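Notes follow the structure.
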Amino acid sequence: MWKRKRLEQCKDGLRNLDEDLVWLVSRLPDEVLVSILSKLHLKDAVVTSKLSRRWRYLLCQTDRLVFEDREKRCVIRSEQDSNANKYMSWVNHIIHQHKRPKIDEFNVSFGFDKSATDAINKWIEFAISKDVRTLELNFKRFSQTGGNYYFNVPVMEIKFLKSLILNHVDVDDEGLKKILRNCPILEDLSIVCSRKLVKPEIHEKGFALKNLDMTSCNGLKSIEICDSNIVSFSSRGYPIALKFDNLQKLQKICMSKGYSLKTMNDILCQICCGVPYLQVLELDLYFLEGSIGPYPFPKLQQLEELIVNVFDRDDDALFVLSFLVEACPNLRRLTIMKTMWSRPRHMNREARRMADKPHQCLEVVEIVEYRDSARDLELAMYFVQNCVALKKLVIKPFGGPGLAKDKIMEKSVAKNRARQQLEPITPVGVELIGISQDMEVFWILEYEVKEKPMLNSLMQGGLDYIMLQYLNIDGIRTIGSVLGQSIALDYYVRQVDGMVGEFTDINRSMEKTGTFTMKRKKLFQLVGKAN
């Protein structure tokens with residue numbers, strides 16, 4: 001009954017649409033409508049096929065087939081057989097009706113079961129027959145004992161494939177060689193959670209491969225890449241042995257998780273010898289093992305950008321960071337990604353201070369997840385005092401979109417404190433970014449739309465709500481208007497609070513010393529807001 005009522009309300013809303021708009025959509029050529037359908041989620045695009053015969057034909061001409069449904073994947077875990085069969089029937093139905101000779105993207109994502117192996121093989125054959133350019137297989141397992149889908153590399157040449165993404169798909173060392181040999185223009189290869197890779201080797205310049213990613217491949221022990229045209233390489237997972245040789249075009253490397261100082265030094269030696277033109281390096285400084293002291297890392301002369309991931313209160317990692325920065329004499333940009341940890345490491349010994357080491361080229365320092373703490377202030381001050389060429393100090397307070405209400409004010413307080421602490425010590429000519437008075441704070445407006453709510457539901461509390469008599473087009477316009485006014489009012493209140501805080505600081509300074517100091521630009525901004 002309620003479905004029929006909701007359908008009637010939707011029809012009422014559609015009647016209110018501008019007839020000219022409906023006429024314009026119907027007049028669009030097929031090529032434009034097919035392009036629009038290709039951008040939609042496949043389930044939404046399927047719904048349009050019920051509008052008319054013309055729309056049913058258009059759906060068969062899309063160049064993107066993305067069979068991805070998170071809700072269905074969750075259901076498959078609990079009701080494996082029945083829902084897996086429904087999913088496979090859905091994919092088979094769409095494939096059977098598809099008429100376009102070529103497709104750009106084919107993406108299948110669901111919880112894998114061995115009974116689906118034959119169907120998956122046919123889907124891959126279909127995609128290859130359509131000269132697919134991007135192929136993604138994401139078969140995250142709902143059972144730890146079920147195993148992964150094994151990717152049987154086709155014998156024939158796959159001429160048009162440029163991007164291959166395999167998630168929870170097993171590929172062995174020989175299979176990787178076949179992929180590179182049979183895909184002459186393959187540029188992007190990502191292998192995630194494969195259990196068959198052990199010691200892969202890539203030894204040819206003839207391959208078109210540019211970007212290689214191997215993430216969470218638990219059986220992986222080593223990787224050897226020599227004489228290749230690869231541009232970026234990423235390995236996120238357990239520590240592995242690396243061998244790089246004559247990689248003239250490799251510009252970016254990402255390594256992560258649990259490297260000891262000795263292993264990290266070996267990796268940097270490989271980079272120094274085999275990757276002469278590396279520009280971007282990303283490392284994790286988590287759980288460093290080994291003696292912590294002045295460590296002579298090899299020099300990375302060409303490195304321009306360094307990204308490090310550290311725990312929020314790991315003093316050893318920051319101590320090592322100072323020596324790592326010293327090993328990059330031409331470094332231009334440094335990004336420190338801080339991650340919260342439940343307790344500080346090495347609590348029973350004195351915290352190590354970062355060694356003062358002036359850097360001549362570092363221009364931009366970015367600290368992500370900055371908190372209102374003495375450690376973070378000391379970290380920022382270190383780079384302000386030791387970077388001779390510093391131009392920008394970028395501070396990104398902790399949190400982001402989706403913060404709970406009780407965390408929003410905490411983030412705002414941290415931002416204001418950071419501004420008060422860092423502005424006085426920031427030299428003239430260094431731009432402080434991210435904590436200015438006009439900084440946009442990620443506020444989340446939690447509203448609930450209630451259609452004809454009953455009194456008992458209103459008395460239960462919860463989110464702020466907008467009450468509508470009918471959920472139709474006019475109601476949606478009302479929601480937009482209310483939310484817009486709420487956002488504007490919230491911004492106005494924050495501006496007033498900020499000005500009150502500024503004038504309070506000025507009054508305190510006047511009471512103590514009889515005068516106050518402020519940058520001219522900031523004074524003009526404050527006076528302009530007050531007016």
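FYI, the numbering for the sequence shown is 1 to 531, going by UniProt numbering.
Where is the CB? At the ideal position from N, CA and C, for every residue including glycine.
Keep in mind that this is a model prediction, so the values were computed, not measured.
Assuming LEU318 contacts VAL325 (C-beta within less than 8 Å), just tell me the rounded distance between them.
-> On the sequence shown, residue 318 is found 318 positions in, with the first residue counted as 1. On the sequence shown, residue 325 is found 325 positions in, with the first residue counted as 1. Between LEU318 and VAL325 the beta-carbon gap is near 11 Å, outside 8 Å, which marks them as no contact.
Using a threshold of 9 Å, state whether the C-beta atoms of VAL280 and GLU305 are closer than that.
-> To locate residue 280, count along the sequence shown from 1; it is residue 280. To locate residue 305, count along the sequence shown from 1; it is residue 305. Result yes, Cβ atoms of VAL280 and GLU305 sit closer than 9 Å.
For VAL32, I'd like the list of residues in its chain whose CB is within less than 8 Å of its CB, leaving aside the five on either flank, ordered along the chain.
-> To locate residue 32, count along the sequence shown from 1; it is residue 32. Excluding its 5 nearest sequence neighbours in each direction, VAL32 has no C-beta neighbour in its own chain below 8 Å.
Helix or strand or just coil, what does DSSP make of ARG345?
-> For the purposes of this step, residue 345 is taken as residue 345 along the sequence shown, with counting starting at 1. With a pLDDT of 49 at ARG345, under the threshold of 50, the predicted position of this residue should be treated as unreliable, though the coordinate-derived value follows. DSSP places ARG345 in coil when its eight states are reduced to three.
Run through DSSP, which three-state label would VAL273 get?
-> To locate residue 273, count along the sequence shown from 1; it is residue 273. Residue 273 is actually Cys in this sequence, not Val. Residue state, collapsed to three classes: helix.
Reference VAL46; option with closest CA among LYS39, VAL34 and LEU59 | Within the sequence shown, numbered from 1, the residue matching residue 46 stands at position 46. Ranking the options by Cα distance to VAL46, first place goes to LEU59.
Tell me whether THR515 is buried or exposed, calling it buried when 16 or more other Cβ atoms sit within 10 Å of its Cβ.
-> Taking the first residue of the sequence shown as position 1, residue 515 is located at position 515. Exposed: under 16 other Cβ atoms inside 10 Å.
Could you give the distance in angstroms between the alpha-carbon of VAL413 and the alpha-carbon of ASP376?
-> On the sequence shown, position 413 is the one that residue 413 refers to. On the sequence shown, position 376 is the one that residue 376 refers to. Between VAL413 and ASP376, the C-alpha separation is close to 15 Å.
Just the Cα atoms here: how many angstroms apart are SER373 and VAL394?
-> For the purposes of this step, residue 373 is taken as the residue at position 373 of the sequence shown. For the purposes of this step, residue 394 is taken as the residue at position 394 of the sequence shown. Roughly 17 Å between the two C-alpha positions.
Neighbourhood of ARG73 by C-beta, 6 Å cutoff - its chain only, sequence neighbours within 5 removed = Counting from 1 along the sequence shown, the entry for residue 73 is found at position 73. Because the pLDDT of ARG73 is 49, which lies under 50, any placement of that residue in the model is unreliable, and the number read from its coordinates should be weighed accordingly. Within the same chain, and ignoring the five residues on either side of ARG73 in sequence, the residues whose Cβ sits closer than 6 Å to its Cβ are PHE110 and GLY111.
Own chain residues within Cβ distance below 8 Å of GLU431, not counting five before or after | For the purposes of this step, residue 431 is taken as the residue at position 431 of the sequence shown. LYS391, LYS392 and LEU393.
Exposed or buried, what is LYS5 when buried is set at 16 or more other beta-carbons lying within 10 Å of its beta-carbon?
-> Residue numbering aside, residue 5 sits at position 5 when the sequence shown is read from its first letter. Note that LYS5 scores 48 on pLDDT, short of 50, meaning its location in the model is unreliable; the coordinates nonetheless yield the value given after this. Exposed, because fewer than 16 other Cβ atoms sit within 10 Å of the Cβ of LYS5.
Would you call the CB atoms of ILE165 and GLU136 closer than 9 Å?
-> For the purposes of this step, residue 165 is identified with residue 165 of the sequence shown, where counting begins at 1. For the purposes of this step, residue 136 is identified with residue 136 of the sequence shown, where counting begins at 1. In terms of Cβ geometry, ILE165 and GLU136 form a close pair [threshold 9 Å].
Pick helix, strand or coil for ILE240, following the three-state DSSP scheme.
-> Position 240 of the sequence shown, counted from the first residue, corresponds to residue 240. Here ILE240 sits in coil by DSSP.
Best match in PRO200, ILE128, ILE223 and ILE307 for proximity to LYS338 [C-alpha to C-alpha] = Residue 338 sits at position 338 when you count from the first residue of the sequence shown. Nearest to LYS338 by C-alpha distance, out of PRO200, ILE128, ILE223 and ILE307, is ILE307.
Which partner residues of GLU105 appear in the DSSP bridge assignment?
-> Position 105 of the sequence shown, counted from the start, is the residue given in the question as residue 105. Note: GLU105 sits in a beta bridge opposite ARG64 and THR134.
Top-ranked residue by Cα proximity to ASP284, from LEU303, LEU321 and CYS272 = By 1-based counting over the sequence shown, the position of residue 284 is 284. That would be LEU321, whose Cα lies nearest to the Cα of ASP284.
State buried or exposed for ARG419, treating a residue as buried only when at least 16 other CB atoms are found within 10 Å of its CB.
-> Your numbering for residue 419 matches position 419 in the sequence shown. Here ARG419 is buried: its Cβ has 16 or more other Cβ atoms, across all protein chains shown, within 10 Å.
Close-in-space but distant-in-sequence residues of the same chain around ARG349 (CB under 7 Å, 5 per side omitted) | In the sequence shown, the residue the question calls residue 349 occupies position 349. Its pLDDT being 44, under 50, ARG349 is placed unreliably by the model, and the measurement read from it follows with that caveat. Closer than 7 Å at the Cβ level, and outside the excluded window around ARG349, lies no residue.
Give me the Cα-Cα distance between ARG56 and SER129, rounded to the nearest whole angstrom.
-> Position 56 of the sequence shown, counted from the start, is the residue given in the question as residue 56. Position 129 of the sequence shown, counted from the start, is the residue given in the question as residue 129. The straight-line gap from Cα to Cα measures roughly 23 Å.
Classify LEU186 as helix, strand or coil using the three-state DSSP reduction.
-> As a working mapping, residue 186 is identified with position 186 in the sequence shown. Coil.
So what's TYR370 in DSSP terms, helix, strand or just coil?
-> Taking the first residue of the sequence shown as 1, we reach residue 370 at position 370. Looking at TYR370 - three-state DSSP - the assignment turns out to be strand.
Does DSSP put THR515 in a helix, a strand or coil?
-> Within the sequence shown, numbered from 1, the residue matching residue 515 stands at position 515. Three-state result, THR515: coil.
Three-state secondary structure assigned by DSSP to PHE297 | If you number the sequence shown from 1, residue 297 lands on position 297. Coil.
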